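Residue numbers (this note's numbering): 2 to 100.
Where is the CB? At the ideal position from N, CA and C, for every residue including glycine.
Computed from a predicted model, the values in this text were never measured in an experiment.
In what follows, a structure is listed as structure tokens, so that the remarks can point back to it.
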């Protein structure tokens with residue numbers, strides 16, 4: 002799954018918006034959750050963290066103010082998650098395992 006996320010080459014897709022990225026990859030993320038999430042919930046959390054790191058790299062490349070600022074890009078992604086928690090499939094409360 003991590004190889005598939007790397008194959009998306011998110012950091013090269015700076016011409017699209019975050020909503021477009023979500024629209025492209027939500028079916029894949031949702032499918033992974035439906036298939037693997039029933040038995041490997043903790044492993045899925047690591048995949049979701051990997052996707053979030055890829056989104057941070059995408060934001061650093063897309064937005065000049067975030068370039069070379071890892072903490073600021075992480076804060077930006079947290080704000081996006083807080084403002085629109087339904088944007089990505091792995092941000093929704095439904096996909097988070099009960100802990």
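Residue i burial status per 10 Å Cβ neighbour count (16 or more: buried)
i, result
"residue 25", "exposed"
"residue 5", "exposed"
"residue 49", "buried"
Residue range of the unbroken alpha helix (DSSP H) whose run includes residue i
i, result
"residue 28", "19 to 37"
"residue 81", "71 to 84"
"residue 9", "3 to 9"
Simplified DSSP state of residue i, which is helix, strand or coil
i, result
"residue 61", "helix"
Own chain partners of residue i with C-beta closer than 6 Å, once the 5 adjacent residues on each side are dropped
i, result
"residue 58", "12"
Distance, residue j Cα to residue i Cα
i, j, result
"residue 90", "residue 9", "16 Å"
"residue 41", "residue 53", "19 Å"
"residue 39", "residue 72", "32 Å"
"residue 75", "residue 32", "25 Å"
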